[in-house]
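Heads up, the thing below is written out as structure tokens.
Structure below.
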């Protein structure tokens, strides 16, 4: 019984520390200590569990993948390859598509502060179409985040796949309809009755534009296609994509830039999550905890939606929501891909509307809008996304 209390205290402590802006990894390590003490693990057993958590194959693979994604994203930004890619797309699509595409392509790459990167570009296009600041904010926010369901380089999605041993591409296939529906709902609710203005651009031949588009997109295409075609780890695709950026932008590349692009805080967070998972799994009464949750009379479906959504809402981060709620609930769902999809989506929606969501706060300040007003513009995309999740849970 003491270990059950310890796990609950650990979860509460982690969420409280995140509210105090403590790094997720550090919070997870402290939570792990609480679990170890209340589970009455010996010092030797505690050390063994800790070493297993930081040195397991899944932990090491996850650390490498997340680090390489961060490096690739930062290099594409700092060598201006990302800017060139967006410019190429602007020659092909109209302003509405560009307004959606800019935050989407930046959002698909986990660039810290990416929301503020795309905000000025969205504002420029939005002003031309006559969008008010509130709608510009909603466009930037919505289309930056809907990729969280399907893009295989999202750290939260990668973590969910690693924790459950379910193929990431299985989750993507299950979740794909939600991204599409939310994108379409956003288009009709945010761009309704808005016309785009014809902009004068430097004259370029179709061949030149297509060539620029292909070249600038090449690192991402290599990263995504190689693992699918050759059934190799995403690490191989990321290394090849990274090499492509270095070769293409060799004059702007430097080794210090490579080291500066590593997200050390995120790496610590990943290690902390994996260690916490090991301590949770090593607790002798974990099954008693899950049985206790079920004994409350709540259906399993309610547990796997309310708890992940609540954690995602409180922490304002997908990776925190997954890392905290998944170890607790995995014994309840028995690795069922559909239930994992529901849990991940619940985390996403909680995180998406969270008032402590960093992107929401950041872009709200940039556009000078009020969060309550922005929620109104995000209402239909959010509701249609939730309705789609409900229907998918029935159909699947």
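Numbering (full-length UniProt numbering), first residue to last: 1 to 396.
Ideal Cβ positions, reconstructed from N, Cα and C, are used throughout, including at glycine.
If you're wondering where the values come from, they're calculated on a predicted model, not measured in any experiment.
- In the structure shown, residue 299 falls within a coil segment according to DSSP collapsed to helix, strand and coil.
- Counting only unbroken stretches of 4 or more residues, the alpha helix (DSSP H) elements lying wholly within the segment 95–160 are 95–107, 114–129 and 133–145, in sequence order.
- Around the beta carbon of residue 335, fewer than 16 other beta carbons sit within 10 angstroms, so the residue counts as exposed.
- The beta-carbon distance between residue 338 and residue 396, rounded to whole angstroms, is 4 Å. This is short enough to meet the 8 Å contact definition.
- Of the residues 130, 318, 70 and 84, the one whose Cα lies closest to the Cα of residue 218 is 84.
- Excluding five sequence positions before and after residue 253, the CB atoms of its chain that fall closer than 6 Å to its own CB belong to 246, given in chain order.
- Secondary structure note for residue 185: its alpha helix (DSSP H) is the uninterrupted segment 168–190.
- Using a Cβ distance threshold of 8 Å, residue 325 and residue 311 count as a contacting pair.
- Spatial neighbours of residue 240 in its own chain (CB-CB distance under 8 Å, excluding positions within 5 residues in sequence) are listed in chain order as 222, 223 and 226.
- Residue 330 and residue 157 have their alpha carbons spaced roughly 16 Å apart.
- Contact between the segment 160–171 and the segment 118–131 is not established, with fewer than three Cβ pairs separated by less than 8 Å.
- Counting C-beta pairs with one atom in each stretch, the segment 374–389 and the segment 206–213 have fewer than three that are closer than 8 Å, which means they do not touch.
- Less than 8 Å divides the Cβ of residue 380 from the Cβ of residue 189.
- In this structure, the alpha-carbon of residue 358 lies about 22 Å from that of residue 124.
- Judged by DSSP in its simplified three-state form, residue 23 adopts coil rather than helix or strand.
- Each residue's CA atom was taken as its position, placing residue 44 and residue 144 some 46 Å apart.
- Of the residues 87, 63 and 151, the one whose Cα lies closest to the Cα of residue 178 is 151.
- A Cβ-Cβ distance of about 14 Å is found for the pair residue 132 and residue 363, leaving them out of contact under the 8 Å criterion.
- For residue 205, there is no enclosing alpha helix (DSSP H), as DSSP marks it with neither H nor E.
- In this structure, residue 10 sits away from residue 17, with a CB-CB distance that is not shorter than 8 Å.
- Taking C-beta atoms as the reference points, residue 99 and residue 384 fail to come closer than 8 Å.
- Residue state for residue 249 is assigned as coil, using DSSP reduced to three classes.
- When C-beta atoms of the segment 71–86 are compared with those of the segment 267–274, fewer than three pairs fall below 8 Å, so the two segments do not count as touching.
- Nearest neighbour of residue 14 by Cα position, chosen from 53, 321 and 344, turns out to be 321.
- Secondary structure of residue 232 (DSSP, three-state): coil.
- Judged by their CB atoms, residue 382 and residue 349 are nearer to each other than the 8 Å cut-off.
- The three-state secondary structure of residue 320, taken from DSSP, is helix.
- Residue 80 sits in coil when the DSSP states are folded into three classes, being neither helix nor strand.
- Straight-line spacing of the CA atoms in residue 248 and residue 63 works out to 26 Å.
- Looking at 165, 4 and 25, the one whose alpha-carbon comes closest to that of residue 266 is 25.
- Under the DSSP assignment, residue 383 falls in the alpha helix (DSSP H) whose first and last residues are 379–395.
- Excluding its 5 nearest sequence neighbours in each direction, residue 343 has C-beta neighbours in its own chain below 6 Å: 304 and 308, listed in chain order.
- If you ignore the 5 residues before and after residue 230, its C-beta comes within less than 6 Å of no other C-beta in its own chain.
- Judged by their CB atoms, residue 279 and residue 35 are nearer to each other than the 8 Å cut-off.
- Per DSSP, the unbroken alpha helix (DSSP H) holding residue 269 starts and ends at 264–282.
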